[in-house]
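1 is the number of the first residue of the sequence shown in UniProt numbering; add one for each residue after it.
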Amino acid sequence: YRLPFAVCSYSKNPKPVSKKMAFHARCIGSALRRLPGTKVPNCTVASRAQRGRQHPNLHSAPTHLALSFSSNTNHGSKISKGVRGTIIPKANADTIVPNTSTDRIDLAELIALLVQLADESGDILRDVQARPDKGVTDKGGEYAVTGEYVADSQTAADREVEEYCLAALIGTFPTLCYVAEESVCGIPVGEDGMCASEEGLMVEPVKRDPLSGARAAEVMAAAWPAELREVEAKRVIVYIDPLDGTGEFVAGNLLPVTNLFGVAVDGVPVAGVINQPWAPSGSRTVWGGPGAGVFGSDFPEGGAAAPMVGTNRVMRDTRLPGVLEALGVGEKYGQIMVSASGYNILSVLEGFTSLYVLTRKGTKKWDSCAGEALLRAVGGVTTDAVGRPYTYGAHHHHNLCGLLVSRCPDLHAEAVEVIKQQCAPWP
1 YRLPFAVCSY SKNPKPVSKK MAFHARCIGS ALRRLPGTKV PNCTVASRAQ
51 RGRQHPNLHS APTHLALSFS SNTNHGSKIS KGVRGTIIPK ANADTIVPNT
101 STDRIDLAEL IALLVQLADE SGDILRDVQA RPDKGVTDKG GEYAVTGEYV
151 ADSQTAADRE VEEYCLAALI GTFPTLCYVA EESVCGIPVG EDGMCASEEG
201 LMVEPVKRDP LSGARAAEVM AAAWPAELRE VEAKRVIVYI DPLDGTGEFV
251 AGNLLPVTNL FGVAVDGVPV AGVINQPWAP SGSRTVWGGP GAGVFGSDFP
301 EGGAAAPMVG TNRVMRDTRL PGVLEALGVG EKYGQIMVSA SGYNILSVLE
351 GFTSLYVLTR KGTKKWDSCA GEALLRAVGG VTTDAVGRPY TYGAHHHHNL
401 CGLLVSRCPD LHAEAVEVIK QQCAPWP
C-alpha cells in the first residue's frame, strides 16, 4: 500500500515529540491499523481518530512524519507509554487493542478502589462546580424533535475526574481494559474529519492500595461470588463515566449529577459504583452487585416503587410520546424528566420511578453498566427498549436500541410488549 502522507521509522527508544507531531502521528497510526494485513507494533502514540466513522480524511497530514514504537505498551489498559507520560488514546472499535493478559485479579479489591475513587471524584466535581469558569465545551450535539439544538457538553470536571481515576486504576490494575467516556469520544471532530483538538488525556499512573481504610474493608467483606475473587484480567472491562448528567451540571441542576463506575465480566455487569455528590442527605456512594447486594441506598428491600416513569428531559425520538401514552403515562403513571441516565437508573433502583424508558440510541455502556449491575443485585432488569440484553465488551459502546429499566421483572415484561406494538422493529 502506498502511504503518500507519511514515512514511518521504528525505534526501541521513543523520544518526546511536540503536541502537533503527536497529534498527526495518532492519525497516521489509525490509518495504518485500517490497512488489511497491516500490524502496527506497540505504537507509543495511539490513534485519536474521529468517533463514529470508519475512514477518516487523512490527506491534510504532513508528507514526512516519524512514529516511534516501544515494547512497553500496556495492552490491557489500551494505553501507551513514552510520550509525555501516558496517552489515553482517542479510540474507536478499530483501534482498541484486545486484552490478552493472563493475570488474575480479585474483583473485590478493584471494587474497593472504585468506591474510594467515587468518593474522591465527588469532591472534584464539587470543587469544579464552585469555580466561575467550569471549562465548558461542546463535543457535538444534535437537534431535538422540537428543532432545538442540544449540546453534548464537556466540562473541566469531566476531564479532571477521568484523568484522576485512570491514573489510579492504571497504576494499580495495569492489566485491565478501561473504557472511559472522555477518552473515547471527548474530542470534537473538525470539518475535515480530524480531531479538532491536539490535546489528549495525559495521566501519570499512580499505584494505590485498594485495601486501605474502613470503606475498603467494608467492600472486601461483602459476599461477592467466589468466582469474582480470582478472575482473568482479559475477561474484565471497567466502564467509567466521570460526570453523568453534564447538561444538568452546566445548568446548575445538581441533584441528578453522578459519577459512574461499572465492572463487566464476559460482557455481563457484575458490580456498580455510583457517587451522587449533591444527594439530599449530602454526598453518598451506592455500590454493590449480584451476590453482594446493594450498599449506600436507603430504599427498603421489597418496597413498592412510585407510579412514575423516568425519561430524558430532551425528547429526540418522535416515537416516545406514543409509547408513553400506551404505557399509561398521564393516567396510570406520572412522568419525571431528567437528562442523566445514571440518575434515572438509580431512581428505578430506589423506587422513585417504576420504569425508565428510552426509545432511541442516546446512551452508551458507561451510562448503564453501573446501574445495571446494581439492579441485577436486587432482581431488576435492564435491556434495550424491546427486551434484549446488551453485551458489555471493549467495542460497540452505543446502546443502539434505547433502554428499558425496571426493578420489577413482570412490569418490565409488560412494558416490552407495549413498546413492541408501538414501535417499528429495531435492527
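Quick reminder that beta carbons are idealized off the backbone N, C-alpha and C, glycines included.
TODO: Report buried or exposed for Gly-310, applying the criterion of at least 16 other Cβ atoms within 10 angstroms of its Cβ.
DONE: With 16 or more other Cβ atoms within 10 Å, it is buried.
Task: Cβ-Cβ separation, Lys-365 to His-397 (assumed contact under 8 Å), whole Å - done: About 5 Å; that satisfies the 8 Å criterion.
Open item on the list: Quick check on the DSSP output: what are the complete alpha helix (DSSP H) runs of length 4 or more inside the stretch 254 to 288, in order along the chain?
Closed with: The stretch 254 to 288 contains no whole alpha helix (DSSP H) run of 4 or more residues.
Task: Counted within 10 angstroms of its Cβ, other Cβ atoms place residue 429 as buried (16 or more) or exposed - done: For residue 429 there is no data in the structure shown, the boundaries of the chain being 1 and 427.
Open item on the list: Quick check: the stretch 314 to 328 against the stretch 373 to 383, are at least 3 beta-carbon pairs closer than 8 Å?
Closed with: They do not touch, by the three-pair rule.
- [ ] Tell me His-398's beta-bridge partners as DSSP assigns them.
- [x] Under DSSP, His-398 takes part in a beta bridge, and its partners are Lys-364.
TODO: Counting only the same chain and skipping the five closest in sequence on each side, list residues whose C-beta sits under 8 Å from that of Ala-304.
DONE: The answer, listed in chain order, is Gly-351.
Task: Whether Gln-116 touches Gly-272 by CB criterion (9 Å) - done: The answer is no: Cβ separation not under 9 Å.
Open item on the list: Please classify Pro-363 as buried or exposed, where buried requires at least 16 neighbouring CB atoms within 10 angstroms.
Closed with: Here residue 363 is Thr; the residue named in the question, Pro, does not match the sequence. Looking at its Cβ environment, which holds 16 or more other Cβ atoms inside 10 Å, Thr-363 is buried.
Open item on the list: Taking only three categories from DSSP, how would you classify Leu-358?
Closed with: Residue state for Leu-358 is assigned as strand, using DSSP reduced to three classes.
Task: Neighbourhood of Leu-125 by C-beta distance below 6 Å, restricted to the same chain and skipping five residues each side - done: The residues are Ala-157, Pro-277.
Task: Glu-162 burial status per 10 Å Cβ neighbour count (16 or more: buried) - done: Result: buried.
Task: Pick from Gly-379, Leu-358, Thr-383 that is closest to Gly-369, judged by C-alpha positions - done: Checking the displayed sequence, the identity of residue 369 turns out to be Cys instead of Gly. Per the Cα distances, Thr-383.
TODO: Within the same chain, show all residues whose beta-carbon is closer than 8 Å to that of Arg-104, passing over the 5 residues directly before and after it, in chain order.
DONE: Residues Glu-230, Val-231, Glu-232, Ala-233 of the same chain have their beta carbon placed closer than 8 Å to that of Arg-104, with the five preceding and five following residues left out of the count.
Task: Contacts around Pro-225, its chain only, beta-carbon distance under 6 Å, and the 5 residues preceding and following it disregarded - done: Cβ contact annotation for Pro-225 (same chain, cutoff 6 Å, sequence separation greater than five): Gly-291, in chain order.
Task: Backbone CA spacing between Glu-417 and Ser-406 [nearest angstrom] - done: Roughly 14 Å between the two C-alpha positions.
TODO: Please determine, among Pro-307, Arg-235, Gln-129, the residue with the shortest C-alpha to C-alpha distance to Lys-332.
DONE: The shortest CA-to-CA distance from Lys-332 to any of Pro-307, Arg-235, Gln-129 is the one to Pro-307.
- [ ] Report all residues from its chain with a CB closer than 8 Å to the CB of Thr-285; omit the five preceding and five following residues, and keep chain order.
- [x] Cβ-Cβ distances below 8 Å link Thr-285 to Val-115, Ala-118, Asp-119, Gly-122, Val-273, Ile-274, Asn-275, Gln-276, Gly-296 in the same chain, with the five nearest sequence neighbours on each side left out; the list follows chain order.
Open item on the list: Can you find the residues in the same chain that come closer than 8 Å, C-beta to C-beta, to Ala-108, ignoring five residues on each side of it along the sequence?
Closed with: Counting only Cβ-Cβ distances below 8 Å, and skipping sequence neighbours, we find Val-219, Met-220, Ala-222, Trp-224, Leu-228, Arg-229.
Open item on the list: Please state whether the Cβ-Cβ distance between Ala-415 and Leu-355 is less than 9 Å.
Closed with: Cβ atoms of Ala-415 and Leu-355: closer than 9 Å.
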